[in-house]
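Residue numbers (my numbering): 1 to 276. Below is one structure, written out as structure tokens; comments come after it.
In structure tokens, the structure reads:
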């Protein structure tokens, strides 16, 4: 039986959660509403959350004035490849740092985590020079190679794998399994929550990335959605309706991925916080 003090505390937390959710949802609702409005209606006061007439002009502009399907394909291609590579590289590194024993393992892991302290802007120019010297400028490989590894992903999966009992590894070794078999048949199946969390975070970050494509991509055929939508922002005019329409379309894959794996997010993040 909850005491009045506990009930009051729960009520305050509920009100706070509803308030924060409202603040986060309002911009999204406005964006969807603006995508169906004419330019003169977008910034009208007071705001009309539901347009009197739903106009499709902005969506026609997106599909006709820029090669949006090509940008969408480029973004999906880069995102899927980078996400897949991060799942492979981060899970293998996390397995080595959590279940394999070798000299200097913990020190090497701390040094690896130390790279997270270096802001990306500090290595942006040297990284660009390396990419240019390799002849990968204006090539999707530039983004794929620079995004194939993630120190945060290794940390996230390592914390998840630490919660897996070592007795399972020992039992597998007795049955004749090698390190790679243990990794594929035991560790990965038991790390679904961590892997799903990594997939969602990586997919979201890569899909919405603007700085990377802006630095490494130049030709129109290689542009991503973010670069394509930026073309509607001109010196003396900005087509906000088209930008909102393109943003709504670009959010669809993120929402789908999140809905499919949302139940693993909290579980995966909590697993990494329980034991270190």
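In this text, a Cβ means the ideal position worked out from N, Cα and C, and glycines have one as well. These figures come from a predicted structure and were not determined experimentally.
Please report the straight-line C-alpha distance between residue 118 and residue 84, rounded to a whole angstrom. In the chain shown, residue 118 corresponds to position 118, counting from 1. In the chain shown, residue 84 corresponds to position 84, counting from 1. C-alpha separation (whole angstroms): 24 Å.
Distance, Cα to Cα, residue 125 vs residue 132? In the chain shown, residue 125 corresponds to position 125, counting from 1. In the chain shown, residue 132 corresponds to position 132, counting from 1. Each residue's alpha carbon lies about 10 Å from the other.
Helix or strand or just coil, what does DSSP make of residue 281? Here the chain covers residues 1 to 276 and nothing more, so residue 281 does not appear.
For residue 61, name the three-state secondary structure that DSSP assigns. Taking the first residue of the chain shown as 1, we reach residue 61 at position 61. Helix at residue 61.
Rounded to whole angstroms, what's the CA-CA distance from residue 229 to residue 252? Just pull it up for me. As a working mapping, residue 229 is identified with position 229 in the chain shown. As a working mapping, residue 252 is identified with position 252 in the chain shown. Residue 229 and residue 252: Cα-Cα distance of roughly 16 Å.
Which residues bound the alpha helix (DSSP H) around residue 158? The residue you call residue 158 lines up with position 158 of the chain shown. Run containing residue 158: 151-162, per the alpha helix (DSSP H) assignment.
Could you check if residue 226 is buried or exposed, using at least 16 other CB atoms within 10 Å of its CB as the buried criterion? Along the chain shown, one-based indexing puts residue 226 at 226. Classification for residue 226: buried.
Pull up the DSSP beta-bridge partners for residue 233, would you. Translated into positions along the chain shown, residue 233 becomes position 233. Looking at the DSSP assignment, residue 233 forms a beta bridge with 238.
Residue 143 by DSSP, collapsed to three states: which one? Counted from its first residue, the chain shown places residue 143 at position 143. In the structure shown, residue 143 falls within a helical segment according to DSSP collapsed to helix, strand and coil.
For the stretch 131-147 against the stretch 176-190, are there 3 or more C-beta pairs whose distance is under 8 Å? no
With a 10 Å radius around its C-beta and 16 neighbouring C-beta atoms as the bar for buried, classify residue 46 as buried or exposed. In the chain shown, residue 46 corresponds to position 46, counting from 1. In the assembly as shown, residue 46 is an exposed residue. Its beta-carbon has fewer than 16 other beta-carbons within 10 Å.
DSSP state of residue 170 mapped onto helix, strand, coil: Against the chain shown, residue 170 aligns to sequence position 170. The answer is helix: DSSP assigns residue 170 an H, G or I state.
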